[in-house]
Amino acid sequence: MTKLADDPLRVPLSNELHARPFPIIAAPASAVLLAVRHPDGAARDRGRDRAHLDRLLARFSVQNKPAADGTHFFGQLGRYWLKWESHTEFVTYMLIAEGVSERPFAEGMLGVFPADWLEDMPGLRVTSALIRVEEMPEPRTEISDKLDRWFLGESLAVSSVLDGDAVVASDFRLDDSDHTRIAIFIAPSCGPRRTGRVVQRMAEIETYAKMSLMGLMTARDLGHELNKIETDMTRLTATMADDAASAEETLGRLLSVSAALEALSTKTSFRFGATGAYAQIVRQRIAVLREERFMGRQLMGEFMTRRWDPAMRTVESAERRLQQMTERGGRASNLLRTRVDVERSAQNQKLLESMDRRADIQLRLQETVEGLSVVAISYYAVSLGLYLLGPVAEAKLLSKAWLATLLTPAVVACVWLMVRHIKRKMH
Numbered sequence: 161m162t163k164l165a166d167d168p169l170r171v172p173l174s175n176e177l178h179a180r181p182f183p184i185i186a187a188p189a190s191a192v193l194l195a196v197r198h199p200d201g202a203a204r205d206r207g208r209d210r211a212h213l214d215r216l217l218a219r220f221s222v223q224n225k226p227a228a229d230g231t232h233f234f235g236q237l238g239r240y241w242l243k244w245e246s247h248t249e250f251v252t253y254m255l256i257a258e259g260v261s262e263r264p265f266a267e268g269m270l271g272v273f274p275a276d277w278l279e280d281m282p283g284l285r286v287t288s289a290l291i292r293v294e295e296m297p298e299p300r301t302e303i304s305d306k307l308d309r310w311f312l313g314e315s316l317a318v319s320s321v322l323d324g325d326a327v328v329a330s331d332f333r334l335d336d337s338d339h340t341r342i343a344i345f346i347a348p349s350c351g352p353r354r355t356g357r358v359v360q361r362m363a364e365i366e367t368y369a370k371m372s373l374m375g376l377m378t379a380r381d382l383g384h385e386l387n388k389i390e391t392d393m394t395r396l397t398a399t400m401a402d403d404a405a406s407a408e409e410t411l412g413r414l415l416s417v418s419a420a421l422e423a424l425s426t427k428t429s430f431r432f433g434a435t436g437a438y439a440q441i442v443r444q445r446i447a448v449l450r451e452e453r454f455m456g457r458q459l460m461g462e463f464m465t466r467r468w469d470p471a472m473r474t475v476e477s478a479e480r481r482l483q484q485m486t487e488r489g490g491r492a493s494n495l496l497r498t499r500v501d502v503e504r505s506a507q508n509q510k511l512l513e514s515m516d517r518r519a520d521i522q523l524r525l526q527e528t529v530e531g532l533s534v535v536a537i538s539y540y541a542v543s544l545g546l547y548l549l550g551p552v553a554e555a556k557l558l559s560k561a562w563l564a565t566l567l568t569p570a571v572v573a574c575v576w577l578m579v580r581h582i583k584r585k586m587h
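Each number in this note's numbering comes from the position in the sequence shown (counting from 1) with 160 added on.
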C-alpha cells in the first residue's frame, strides 16, 4: 500500500481524543480534589505549573513524567494515585487512595502533598473537595441516615445515577475543614472504570461550577460601572435633542462614554466567554449522569436550577446589557456625528457665500483701481508727450492747450487698450 503523507497535526489530533482518561477506582476509595487558578487567568505561566508538578513527582521518585507540552498526568505516588490536568486557566490535582477512613471526610490525605510544596503553589485555590466512595449498603435507607449526618439537609442534593448503579450526594458547601464534601455509593454491578467516570464527573461538576461563578463576581462589578455609564449616556442622549447645546462638545463626551464601554467589553470578554463554556460543561456533566430521584431528595439538576442557574443568568444579563449599551452608544454617536456634519455643511455654505461677497467687492475695487490706473498712466503719458512736442508749441504751430487737447484722447485710448490687453493675457 502506498504510504500517504501525514498532516503534522494528525497524531496530536488523534491523541487529543484520549488526552484525559478517566481514573480506575474500585469501591471503597477516597479522593482529594484540588483546583488552582492563577489570578491572571489564561495569562498564567504554564511552565511554572509544569515545574511545580515535576517537583512533586521528584519527591516521590516518579520517573514516568508527562511530556514537556503535556496537559495531563496519571501515575502512582507511593500507595496513592495522582491525576493532574492542565486547563486553560487552572490546573487540577486529584489524589486517589484505596479504602476509606473511619472518620468520614477526614483530610488526612492532604498530608500527602508536602507543606512547603503547597505553600509554593503558583496560583490560588479555587476549590478543594473530599470525595468518599463507599459500597452501596443494603437496605439503601442507610444511605439517607449517613447523608443526614454528613451534610446540611437544606442544600443537600442526592441523585440515583447510571440506572441506579450509583448514588451521588453533595451540599456544595465548605465544611469545618474548608473543603467541599462529595459522597458516592457504588453498587456491586458497577465496575472500577465506571466508578472512575462517576468520580471524575462529580469532580468536574464541582470544579467547573466554581469556575463559572467567577463570571458572577465580574458581572456584579460590571453592574456598578454600567449604572454610572448608563446615567451619563441617558443625559447625553437627552442633550442631543437640545438645539442650544454644542453638538461637537456633546459628541466628544459621547465618544468618551463609547470608549469606556469598549474598554469594559475588552476587559470582560474572556471571563464571560469562559463562564459560558464552563456552564455548558456543568450542564453536560449533569445530563450524562442520568439522574433519578432518590428517596424524595432534590436532584443535582434541581439544586443547580435553584442555586446556580440564577447566577449564570445574571452573567448572561450583564454581558447582554454591556453589548446593548455599546450598540446604543454607537448609534447615538453616529446620529450626533451626522448632526455635526450637517452643521458644518451649513457653516461651510455660509463661508462660501461670504467668500463670494468678498470676491465681488474685490472685483469692483479692482475695476475701480484699473480706472484710476488708466487715468494716472494717461496723465504721466500726456505730460511726457507735451515735453516731446514742446518744440511745436514754441514754433507757434499749435498752442500748448491744443496739443494737450489732441494728445489726451489718443493717450487715454492707448493706455486703456494696453490695460485690457494685459488683463486678458493674465486671465
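Note that CB positions come from ideal geometry on N, CA and C, so glycine has one too.
Original post:
According to the neighbour-count rule (16 or more other Cβ atoms, all chains shown, within 10 Å of its Cβ), is V535 buried or exposed?
Top reply: Translated into the one-based positions of the sequence shown, residue 535 becomes position 375. Taking all protein chains in view, the Cβ of V535 is surrounded by fewer than 16 other Cβ atoms within 10 Å, so the residue is classified as exposed.
Subject >> Which of helix, strand or coil DSSP assigns to V260 >> reply: Here residue 260 is taken as the residue at index 100 of the sequence shown, counted from 1. If DSSP states are grouped into helix, strand and coil, V260 belongs with coil.
Original post:
Could you give the distance in angstroms between the alpha-carbon of D336 and the alpha-carbon of F265?
Top reply: Counting from 1 along the sequence shown, the entry for residue 336 is found at position 176. Counting from 1 along the sequence shown, the entry for residue 265 is found at position 105. D336 and F265 have their C-alpha atoms spaced approximately 11 Å apart.
Original post:
So which of R480, E451, L322, Q360 has the shortest CA-CA distance to G433?
Top reply: As a first step, residue 433 is located in the sequence shown; it is residue number 273 there, counting from the start. The candidate whose alpha carbon is nearest that of G433 is R480.
Subject >> Residue span of the beta strand (DSSP E) that contains A286, given as start and end >> reply: Position 126 of the sequence shown, counting from 1, holds the residue named residue 286. Going by the sequence as given, residue 286 is Val instead of Ala. Unbroken beta strand (DSSP E) run through V286: 284-295.
Subject >> Bounding residues of the alpha helix (DSSP H) (the contiguous stretch that carries A211) >> reply: Here the question's residue 211 lines up with position 51 in the sequence shown. A211 -> alpha helix (DSSP H) spans 206-219.
Subject >> Environment of M455 [buried if 16+ CB atoms lie within 10 Å] >> reply: As a working note, residue 455 is residue 295 in the sequence shown. A residue is called buried once 16 or more other Cβ atoms fall within 10 Å of its Cβ, and M455, having fewer, is exposed.
**OP:** Take S288 as the anchor and find which of L169, F273, D338, S477 has the nearest alpha-carbon.
**Re:** Residue 288 sits at position 128 when you count from the first residue of the sequence shown. Ranked by Cα distance from S288, the options L169, F273, D338, S477 are led by D338.
Original post:
The beta strand (DSSP E) with Q458 in it runs from where to where?
Top reply: Counted from its first residue, the sequence shown places residue 458 at position 298. No beta strand (DSSP E) holds Q458; DSSP gives it neither H nor E.
Original post:
If you count every other CB in all the chains shown that lies within 10 Å of the CB of V442, and 16 or more means buried, which is it?
Top reply: Here residue 442 is taken as the residue at index 282 of the sequence shown, counted from 1. The residue is buried, with at least 16 neighbouring Cβ atoms inside 10 Å.
Subject >> Reduced DSSP category for I346 - H, G, I as helix; E, B as strand; rest coil >> reply: Stepping through the sequence shown from its first residue, residue 346 is reached at position 186. Strand at I346.
**OP:** Quick one: grab the DSSP three-state call for G235.
**Re:** The residue labelled residue 235 in the question sits at position 75 within the sequence shown. DSSP places G235 in the strand class (E or B) of the three-state scheme.
Original post:
Distance, Cα to Cα, T498 vs I389?
Top reply: Within the sequence shown, the letter at position 338 stands for residue 498. Within the sequence shown, the letter at position 229 stands for residue 389. A direct Cα-to-Cα measurement between T498 and I389 gives close to 23 Å.
Subject >> Start and end residues, alpha helix (DSSP H) containing E279 >> reply: Taking the first residue of the sequence shown as position 1, residue 279 is located at position 119. 275-279 is the extent of the alpha helix (DSSP H) around E279.
Original post:
Quick one: what does DSSP say D323 is sitting in, helix, strand or coil?
Top reply: Here the question's residue 323 lines up with position 163 in the sequence shown. In the structure shown, D323 adopts coil according to DSSP, grouped into three states.
Original post:
Which residues does DSSP pair with E245 in a beta bridge?
Top reply: Locating residue 245 in the sequence shown gives position 85, where the first residue counts as 1. DSSP output for E245 lists H232, T252 as bridge partner(s).
Original post:
Got a sec: does the ligand SAM put a non-hydrogen atom nearer than 8 Å to the Cβ of L290?
Top reply: The ligand content of the structure shown is nil, which means the ligand SAM is not present either.
Original post:
What distance in whole Å lies between the Cβ atoms of A186 and T355, which are believed to be in contact at a cut-off of 8 Å?
Top reply: To locate residue 355, count along the sequence shown from 1; it is residue 195. To locate residue 186, count along the sequence shown from 1; it is residue 26. Contact flag correct, Cβ pair sits at about 7 Å.
Original post:
Between the C-alpha atoms of E422 and V251, what's the straight-line distance to the nearest angstrom?
Top reply: Taking the first residue of the sequence shown as position 1, residue 422 is located at position 262. Taking the first residue of the sequence shown as position 1, residue 251 is located at position 91. If I take the Cα positions, the gap works out to 31 Å.
Original post:
So M371 packs on Y438, CB below 8 Å; how close in whole Å?
Top reply: Looking up residue 371 in the sequence shown gives position 211. Looking up residue 438 in the sequence shown gives position 278. With a Cβ gap of about 5 Å, M371 and Y438 count as contacting.
Original post:
Looking at A329 and L316, is the spacing between their C-beta atoms short of 9 Å?
Top reply: As a position in the sequence shown, residue 316 is number 156, starting the count at 1. As a position in the sequence shown, residue 329 is number 169, starting the count at 1. The Cβ atoms of L316 and A329 sit closer than 9 Å to each other.
Original post:
By how many angstroms is the C-alpha of E366 removed from the C-alpha of T340?
Top reply: Here residue 340 is taken as the residue at index 180 of the sequence shown, counted from 1. Here residue 366 is taken as the residue at index 206 of the sequence shown, counted from 1. Those two C-alpha atoms are separated by around 8 Å.
**OP:** Grab me the residues of A478's own chain with a C-beta within less than 7 Å of its C-beta, minus the 5 sequence neighbours each way, in chain order.
**Re:** What you label residue 478 is simply residue 318 of the sequence shown in a count that begins at 1. Closer than 7 Å at Cβ, skipping near neighbours: A379, L382, G383.
Subject >> One or two residues paired with V196 in a DSSP bridge >> reply: Here residue 196 refers to the residue found at position 36 of the sequence shown. Beta-bridge pairing links V196 to V251, R285.
Subject >> Neighbourhood of P274 by C-beta distance below 7 Å, restricted to the same chain and skipping five residues each side >> reply: Mapped onto the sequence shown, residue 274 falls at position 114. R219, listed in sequence order.
Subject >> Residue burial classification, V196 (beta-carbon count within 10 angstroms, cutoff 16) >> reply: For this step, residue 196 is matched to residue 36 along the sequence shown. Taking a 10 Å sphere around the C-beta of V196, we find 16 or more other C-beta atoms and assign the residue as buried.
Original post:
If you draw a straight line from the C-alpha of E385 to the C-alpha of V286, how long is it?
Top reply: Indexing the sequence shown from 1 puts residue 385 at position 225. Indexing the sequence shown from 1 puts residue 286 at position 126. If you take the alpha carbons of E385 and V286, they lie about 26 Å apart.
Subject >> Reduced DSSP secondary structure (H/G/I, E/B, other) of A329 >> reply: Position 169 of the sequence shown, counted from the start, is the residue given in the question as residue 329. Correct three-state label for A329: strand.
Original post:
Secondary structure at R341, three-state DSSP: helix, strand or coil?
Top reply: As a first step, residue 341 must be located in the sequence shown, where it is residue number 181. Collapsing the DSSP output to three states places R341 in a strand.
**OP:** Quick one: using the 10 Å Cβ neighbour count with 16 as the cut-off for buried, is E314 buried or exposed?
**Re:** As a working note, residue 314 is residue 154 in the sequence shown. The Cβ neighbour count for E314, taken over all protein chains shown within 10 Å, is under 16; the residue is labelled exposed.
Original post:
Who pairs with S304 in a beta bridge, going by DSSP?
Top reply: Working through the sequence shown from its first residue, we reach residue 304 at position 144. Paired residue(s): none; S304 is not in a bridge.
Subject >> Cα-Cα separation between D276 and L270, rounded to whole angstroms >> reply: What you label residue 276 is simply residue 116 of the sequence shown in a count that begins at 1. What you label residue 270 is simply residue 110 of the sequence shown in a count that begins at 1. Approximately 13 Å between the Cα atoms of the pair.
Subject >> Integer Cβ distance of S429 from G489, believed to fall under 8 Å >> reply: For the purposes of this step, residue 429 is taken as the residue at position 269 of the sequence shown. For the purposes of this step, residue 489 is taken as the residue at position 329 of the sequence shown. So it is not a contact: roughly 17 Å between Cβ atoms.
**OP:** On a CA-only basis, which of Q484, D325, H581, D392 is nearest R413? Give me that one, please.
**Re:** Along the sequence shown, read from residue 1 onward, the residue named residue 413 stands at position 253. Nearest Cα to R413 within the set Q484, D325, H581, D392: D392.
**OP:** Kindly indicate the opening and closing residues of the alpha helix (DSSP H) around T355.
**Re:** Along the sequence shown, read from residue 1 onward, the residue named residue 355 stands at position 195. Counting along the chain, the alpha helix (DSSP H) containing T355 begins and ends at 352-372.
Original post:
What is the DSSP secondary structure of S493, counted as helix, strand or coil?
Top reply: Taking the sequence shown and counting its residues from 1, the one referred to as residue 493 is at position 333. Looking at S493 - three-state DSSP - the assignment turns out to be helix.
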